[in-house]
Structure formats: structure tokens, C-alpha cells
Amino acid sequence: MPSTIHPQTPDDTIGGRDLTHWHTRFGRWLLRLFTDLARASRPAARRVATWSSAHVAFLVFAAIALGVMVGLVEGVETVYEAVVGRDGITVVDHPVLDTAVSLRSPGLDSAVTAFTDVGGPVGMPILALVAVAVITWRRRRWTPFVLALIAAAGSLVMTIAGKDFVDRARPPASLAVPPLESSPSFPSGHTLNATVLTTVVVYLVLIETTAAWQRTVAIAVGTLFVLSMGLSRVFLGHHWLTDVIAGWLIGLAWALAVITAHRLWLTLRERPETADSPDGIRQERSRS
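Below is the structure:
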């Protein structure tokens, strides 16, 4: 029988890219795996709520991804211990900080401090909340808010886990611009949180916009903001460069995991035959 063609909804595409089509072998394997998990878990889930396969797959994938990410963050301690004091990436930390100190001036210090506060535990959530609230209002659905909430919660968990397990000392107070911070240095929480929330917001904007130039501007502004936020932490002497690099990498990995979970949800919501019939995966593959 020919497969059913489901009309696309506004959050199915980014430009000409259909988010419910999985073009890579890994993507199709992931879809098969979580379709099977969703189908197996759904009867139990329905005892407490009327959940679709799409919701089950989203939650299962997000939970597994968060567990994997926390495990990776904990494993960073071993990597960090292996390179400290030896030939490794940390050899750049002191020279980069020395360069930052040489570039400082009262006016520049104040400007960078004001900017870095935007990515703090108060400024970044407010900024992301405003952006997500606008997108949520435009779409008349809660999906953007839920994505941002899950992304922020995972980011917070990984920041706390990383700081607790690695427990790295911050740069010397004599080389830092006040106000000083006392929490462990690795990873940079400002950088990690800004990377996660900005990436998710940009992803939502890409879905929302229709003009190519708008998507280009969104990506450029988001990238510049994330890079600048991380470098501002080094410039002020609040973090080592490797703390910031870790924040970028861990944050991007978690943001991509949240985006993948959303794509799984979209696929199983818009193409229910993928979960409801034994031939669903085969049909999905033929369309991909």
C-alpha cells in the first residue's frame, strides 16, 4: 500500500529542510530505536496519562541524553587531570589570560562586565524567556516553552555536576576584574548556559522564519553572542580558556540532543504510521 502523506505544519521545516525526514543512517537508526521504545512504553504510560508515542519518545530520549551528558561531564575530570601540568590544551590558559590582562582598561572592563552579566544566572534566563515567550505567543502552542525549559534544566544539572566533580580553581583573584566569583571554575556556567539557551532559541527562530536572510542573521547573531559570552569570561579573569571551551562543547552537545528529541517528537506526531504499524520505519526510510 502507498504510504500516507501527512501535511506539514509550521514547525516541521527549516527553509526547505523537512525536520521529519532523517537523511543519515544514524538518524534512521535512532528513529527506529526510539519508535520501538515508544511503542513498548506507551501502554504503561497510558495508565497515568494519555500520551502519544511522540511524547514517550521525546521524554525517553531526553532522559537518556541527559544521563549520557552528565556522565561525559564527570569523565572530563579524568581528561583534565591528564593534561594539567603537561603538554596539553591547558598550556594556552596562562598566555591567553596574560593577553587579556594586557588589553584591559577601565572603560572596556565596565562594558565587558555589563555584557557578561547578560549571560548570568539572572540575565540569561530572562533574555531566553522573553524570546521564547514571543515565539510561543506567535505559534499559539507550548512546545517552544517546553523545549527551553528542558534545555535550561539539563544545562543547570551539567553545570553543577561539572563544577562538583572537577572542582577546578579559578584564575588568581589578582588577575580578575571584580566582582569576584567563588564557585569552581570548570566548566564556565555562563558559557554553557548561554550556548544551550541561545542554540535552542536560534533553532526555534529558524523554524519560525521563512526568509533566508532572517535565518542567516539569526545564526550569525546567535554564534557571535555565544562566542563573545565565553571570551568575556576569559577577558575578565573569571575563567580559564579551557573552562570556556568545555562550556561551548558541552552546551552545544546538550542543545543538539534537545533538538534531536524535538525532531523525534515531530516525526512521530506527524507520521504516526512510523510508530503504529510494523512497516512504519520502512515507509519512513523510503521517503528519506
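Sequential numbering of the sequence shown, starting at 978, is according to this note's numbering. We put the CB at the ideal spot given by N, CA and C, even for glycine.
Exposed or buried, which one is Pro1083 when buried takes at least 16 other CB atoms within 10 Å?
-> exposed
Are the CB atoms of Ser1209 and Phe1092 nearer to each other than 7 Å?
-> Yes, these two residues count as a Cβ contact at 7 Å.
Under the three-state reduction of DSSP, which class applies to Thr1187: helix, strand or coil?
-> coil
Below 7 Å between beta carbons: does that hold for Asp1070 and Leu1241?
-> Contact flag unset, no.
Mapping DSSP to helix, strand and coil, what is Arg1005?
-> helix
According to DSSP, is Asp1144 helix, strand or coil?
-> coil
Since Arg994 sits in a beta bridge, which residues does DSSP pair it with?
-> Ile991
Rounded straight-line distance, which links the Cα of Arg1118 to that of Ala1003 = The question names Ala, but residue 1003 in the sequence shown is Phe. In a straight line, the C-alpha of Phe1003 is about 30 Å away from that of Arg1118.
Euclidean distance between Cα positions of Val1203 and Asn1170 | 9 Å
Count the other CB atoms, across all protein chains shown, that sit within 10 Å of the CB of Arg1246; report buried if there are 16 or more and exposed otherwise.
-> buried
How should His1216 be labelled, buried or exposed, when 16 other C-beta atoms within 10 angstroms of its C-beta is the threshold for buried?
-> So His1216 counts as buried.
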